[in-house]
Structure formats: structure tokens, C-alpha cells
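Numbering (our numbering), first residue to last: 1 to 181. Reading through the C-alpha cells given below for one structure.
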């Protein structure tokens with residue numbers, strides 16, 4: 001009955017890993033901005049669907065939209081995303097110089113990472129709640145016994161504990177990575 005539970009927990013962890021990959025303290029990466037939503041063509045679209053994003057060097061990103069008319073929209077979306085980047089518009093691109101990270105900025109990035117970790121734990125708790133409802137419904141419908149209910153609840157809690165442990169490990173690793181100079 002719990003075979004899909006682990007898949008859902010793993011999905012939450014993979015999402016956390018993806019979000020962590022976007023939080024970089026020491027170098028510019030396209031993942032920092034590629035999923036920012038831009039108001040373009042009467043719709044919200046992510047930057048990666050509107051432009052090519054490349055590294056000029058370790059500290060600089062270049063965003064070249066395929067349609068030059070949306071350059072200012074892209075720059076505004078990056079500024080409005082509150083990720084600490086200051087885009088500069090050029091004739092045919094948006095240039096982002098990722099600043100050297102100060103201790104204060106590193107601490108701010110750690111807070112962002114911890115917020116993402118907490119959202120992952122909330123997802124895990126939501127999955128647990130959904131499965132608990134399913135287990136209790138099965139017991140009410142006499143599909144499983146009371147002993148099965150107790151065993152399934154313990155197994156579910158074990159899966160949840162493992163997922164939370166993984167989230168904590170990833171968070172500690174990301175925090176150490178962000179704080180190293």
C-alpha cells in the first residue's frame with residue numbers, strides 16, 4: 001500500500017536538490033535565472049523559453065533574448081525576483097554581474113536554502129497526511145485490520161523520517177558549501 005509513498009518523498013527531495021542548485025554563492029550559473037517568469041507576449045513565461053543564457057565568465061551571465069523587444073521585460077523580471085542580482089540592459093542582451101559574496105550575502109543565501117528545505121519538509125508532511133487518510137479509510141472499509149493499520153502507520157513514519165533525514169543532510173551540506181570562502 002505504501003509503495004508509491006517513497007516515490008513522492010523522493011520527488012520532494014529531487015525538487016529540493018534542484019532548488020539548491022539555483023542557490024550559488026561563488027559563481028554565476030544559468031540556473032540562477034532560467035526559471036524566473038517574464039511578462040512577454042501577454043503571458044508569463046520563463047526566461048529559458050525566451051532567451052539563451054550563457055556564462056561570459058565565472059561571475060557574469062549573458063541573456064540574449066530571441067526577440068530583442070523583450071530585453072527590458074527580462075531585466076525587470078530579474079530585478080523583481082528579489083534574488084540579489086542587478087541586471088544591465090545592452091543593445092541585444094541583458095548582462096548580470098554576480099557580485100562577490102559577502103558574509104552577509106552568504107548568510108542570506110543560507111536563509112533561502114533553509115526556507116527551501118522547510119518547504120520540502122512541508123511537502124513530505126503533506127504526503128504523509130494523504131497516505132494516513134488512505135490507510136485509515138482502508139481500515140474503516142474493512143480492507144485492512146487494526147494490526148495492519150498500526151504496521152502501515154509505523155512503516156509510513158519510517159519513510160517520512162528517512163526523507164526528513166535526507167533533507168537535513170542536504171541542507172547541512174548546502175549551508176557548508178555556501179559558507180565556505
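Glycine included, each C-beta is placed from N, C-alpha and C at the ideal position.
For residue 39, the uninterrupted beta strand (DSSP E) run begins and ends at 37 to 40, by DSSP. In this structure, DSSP gives residue 85 a state outside helix and strand, which the three-state scheme calls coil. For the region 41 to 104, the full-length alpha helix (DSSP H) segments reaching 4 residues or more read 71 to 80 along the chain. Measuring C-alpha to C-alpha distances from residue 23 to each of 32, 121, 140 identifies 32 as the nearest. Around the beta-carbon of residue 151, fewer than 16 other beta-carbon atoms lie within 10 Å, marking it exposed. Three or more beta-carbon pairs drawn from the region 158 to 176 and the region 124 to 132 are found closer than 8 angstroms, and the two stretches are therefore classed as touching. For residue 169, the enclosing alpha helix (DSSP H) covers residues 146 to 179.
Burial is judged here by how many other beta carbons sit within 10 angstroms of a residue's own beta carbon; residue 36 has at least 16 and is buried. Between residue 30 and residue 56, the CB-CB gap reaches or exceeds 8 angstroms. Residue 146 sits away from residue 153, with the two beta carbons spaced by 8 angstroms or more. For residue 13, the enclosing alpha helix (DSSP H) has its first and last residue at 5 to 22. Comparing C-alpha distances from residue 164 to each of 21, 96, 116, 28 shows the shortest one belongs to 116. For residue 171, the closest of 119, 90, 149, 133 by C-alpha to C-alpha distance is 119.
Taking the Cβ atoms as the reference, residue 89 lies roughly 5 angstroms from residue 75, within the contact range of under 8 angstroms.
Here the region 8 to 23 makes no contact with the region 38 to 45; the two share fewer than three CB pairs at distances below 8 angstroms.
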